[in-house]
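Worksheet for the structure shown next.
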């Protein structure tokens with residue numbers, strides 16, 4: 062599986078409160094949440110994001126609350142992949158569980174800028190910066206997580222075991 | 247190779263003799279908890295997997311974030327988990343008026359004890375590590391799976407060991423210690439890891455101090471925070487719970503990524519400045535700065551809404567008056583604490599000083615309701631996060647502090663040193 066899109070770039074410690082502020086958490090409707098994605102860090106995000114676009118950030122992306130609304134609103138807004146130097150652990154689990162592709166890759170986080178066109182090959186973990194002509198190798202998922210992803214997320218994996 | 251305390255609990259719950267850091271395991275769950283934000287979202291996911299919860303005594307629901315219901319959508323969400331709790335015959339459903347903030351009510355009601363493996367769909371679920379349990383926050387799909395199967399996958403964490411020595415000063419509590427620690431290691435200083443607290447200094451920390459510290463382990467990126475079970479912890483569990491607890495101890499040869507020593511006597515009243523819990527400044531550094539005028543003070547939450555927090559705030563506010571430019575909200579974290587505040591005369595102290603005293607709720611902590619801030623406003627809060635927009639407008643500012651610093655600041659109208667305002 063591959064995805065191609067333009068990049069929205071952010072810094073360290075992008076927290077779940079800015080990804081989807083708590084004032085919108087009285088709903089868990091994916092479309093409604095998507096209409097507020099990144100509201101408190103980048104109010105223009107929802108107007109500019111196109112299907113396939115990617116988020117690239119530095120350390121500790123998704124820190125803070127356990128709200129699964131955060132990866133869900135990004136996925137529903139059209140984000141095809143989040144690449145970061147590191148992810149906060151609950152966001153990491155949630156993204157895998159709902160099927161939002163994420164890749165840890167410090168080199169890519171440094172070598173990709175806002176607006177760059179990037180292609181990701183999820184099978185190999187390769188990240189190609191088409192704008193700059195550079196490429197990076199992301200951290201592969203451990204085998205168990207690959208199984209989870211291949212099954213289509215945690216719910217399907219759980220049902221397939223029983 | 248020896249195991250850390252956390253690794254021992256995980257191994258026991260995975261049916262393994264031993265585990266190592268990085269290993270992926272499936273562990274049995276003793277408690278699975280969700281609230282009025284994460285619970286309603288979990289129900290349709292749960293129904294894809296099961297009709298009945300795996301154990302009606304182990305699945306716990308606590309409406310506490312947007313309750314008393316702040317709007318129609320929140321009311322519908324609360325209704326959905328209330329009906330689910332009824333239909334499933336859950337033993338532990340905490341309704342408004344008999345309830346409180348999840349991480350205060352679960353230990354208080356004896357739902358969680360030492361040695362257990364606990365997940366909650368709330369990041370501050372790490373609080374129960376104060377009782378010597380493995381306890382961690384997860385998202386909605388994880389919690390739905392836990393509700394259906396009673397099991398969940400975990401990556402076994404490595405650990406950072408904190409050796410605590412000495413005795414904290416009179417105006418220093420668990421909040422100052424944990425902000426000091428996060429300031430030292432950073433908001434991702436324990437990413438994916440356990441924070442294991444050890445050392446003789448722990449005897450000088452009350453259970454409420456330990457709950458506060460374990461609660462904020464997530465603010466350093468940790469998977470869990472955990473304390474050894476000593477006489478104080480055993481006494482707490484015997485008083486509050488009918489459940490059997492189990493004591494696990496780290497092996498003498500357990501491996502740690504890092505060992506950090508903290509002399510509690512050297513920790514000063516410490517405040518986390520916007521917009522990260524790791525932006526720690528001591529009260530002495532703050533006193534050397536231009537005064538920071540404030541508009542609001544919040545004393546409460548899963549971090550600092552317990553009985554000792556109320557007593558510490560009241561000791562400062564007794565006979566004093568809140569600054570005319572400041573709005574103060576005191577929110578006892580559970581009904582039991584609320585009632586104890588009445589019995590001890592603390593509510594009189596708060597109300598006489600000019601504080602609003604609210605019913606138990608997460609309320610203003612995440613800008614939900616009961617204290618949302620306008621642009622440009624500043625708040626000293628005993629809560630756990632000071633992210634951009636956390637408590638309202640993106641241009642409002644949150645300073646995280648202990649109940650004593652918060653109370654002193656309420657009187658002074660600026661961030662203030664409780665040693666100078668204080669009543670002790």
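Chains as they are written, first to last, in my numbering: chain A, 62 to 223; chain B, 247 to 670.
For every residue, glycine included, the Cβ atom is placed at its ideal position computed from N, Cα and C.
In this text, all values refer to a predicted model and were calculated from it rather than measured experimentally.
Proximity of chain A to residue 631 (chain B) at the Cβ level (cut-off 9 Å) is accounted for by 76, 78, 125 and 126, in chain order. If the five residues before and after residue 134 (chain A) are omitted, its C-beta is found closer than 6 Å to the C-beta atoms of 81, 94, 95 and 98, all from its own chain and listed in chain order.
For residue 652 (chain B), same chain residues with a beta-carbon under 6 Å away, outside a window of 5 residues either side, are 543, 545, 626 and 628 in chain order. Residue burial annotation: residue 454 (chain B) is buried, with at least 16 other C-beta atoms found within 10 angstroms of its C-beta. Nearest to residue 596 (chain B) by C-alpha distance, out of B:468, B:561 and B:616, is B:561.
Taking a contact to require three or more Cβ pairs closer than 8 Å, the segment 462-481 of chain B and the segment 381-392 of chain B qualify as touching. Note on geometry: alpha-carbon atoms of residue 343 (chain B) and residue 321 (chain B) lie some 16 Å from one another.
Around residue 270 (chain B), the beta-carbon contacts reaching into chain A at under 9 Å are 203, 204, 205 and 206.
Comparing alpha carbon positions, the residue from B:414, B:460 and B:586 closest to residue 447 (chain B) is B:414. When C-beta distances to chain B are compared with 7 Å, the residues of the segment 138-155 of chain A below that value are 147, 149, 150, 151, 154 and 155, in chain order. Its chain contains 420 as the residues whose beta carbon lies nearer than 7 Å to that of residue 451 (chain B), once the 5 sequence neighbours on both sides are disregarded; these appear in chain order. At a cut-off of 7 Å between C-beta atoms, residue 294 (chain B) counts as an interface residue with respect to chain A. In the assembly as shown, residue 253 (chain B) is a buried residue. Its beta-carbon has 16 or more other beta-carbons within 10 Å.
Residues of chain A whose Cβ lies closer than 7 Å to the Cβ of residue 636 (chain B) are, in chain order, 78.
Note on residue 401 (chain B): 16 or more other CB atoms within 10 angstroms of its CB, so buried under the neighbour-count rule. When the alpha-carbon of residue 348 (chain B) is set against those of B:332, B:323, B:312 and B:318, the nearest one is in B:312. Membership of residue 67 (chain A) in the beta strand (DSSP E) is indicated by the continuous run 63-70.
Proximity to residue 194 (chain A) across A:209, A:211 and A:169 peaks at A:169, based on C-alpha coordinates. Closest in alpha carbon position to residue 159 (chain A), among B:371, B:287 and B:331, is B:287.
At least 7 Å separates the CB of residue 575 (chain B) from every CB of chain A. Chain-ordered, the chain B residues with CB closer than 8 Å to the CB of residue 216 (chain A) read 291, 294, 295, 387, 390 and 391.
The C-alpha of residue 191 (chain A) lies about 28 Å from the C-alpha of residue 76 (chain A). In chain order, 93, 94, 97, 100 and 130 place their CB closer than 8 Å to the CB of residue 85 (chain A), counting only its own chain and leaving out the 5 sequence neighbours on each side.
Contact note: residue 613 (chain B) reaches chain A through 78, 82, 83 and 84, using a C-beta cutoff of 9 Å and chain order. Counting C-beta pairs with one atom in each stretch, the segment 654-670 of chain B and the segment 512-529 of chain B have three or more that are closer than 8 Å, which means they touch. Closer than 7 Å to the CB of residue 483 (chain B) there is not a single CB belonging to chain A.
With 16 or more other CB atoms across the displayed protein chains lying within 10 angstroms of its CB, residue 523 (chain B) is buried.
Rounded to the nearest whole angstrom, the CA to CA distance from residue 152 (chain A) to residue 489 (chain B) is 32 Å. A straight-line Cα-Cα distance of about 27 Å links residue 220 (chain A) and residue 403 (chain B). Closest option to residue 374 (chain B), judged by alpha-carbon separation, among B:501, B:640, B:483 and B:639: B:483. Beta-bridge partners assigned by DSSP to residue 527 (chain B): B:517. Remark: three or more beta-carbon pairs, one from each stretch, lie closer than 8 Å, so the segment 317-336 of chain B and the segment 272-285 of chain B are flagged as touching. A straight line joining the alpha-carbon of residue 530 (chain B) with that of residue 180 (chain A) spans about 51 Å. Nearest neighbour of residue 63 (chain A) by Cα position, chosen from A:222, A:173, A:114 and A:102, turns out to be A:114. Three or more Cβ pairs drawn from the segment 546-558 of chain B and the segment 575-583 of chain B lie within less than 8 Å of each other, which places the two stretches in contact. Sequence-distant Cβ neighbours of residue 436 (chain B) in its own chain, meaning closer than 6 Å and more than five residues away, are 406, 466, 467 and 468.
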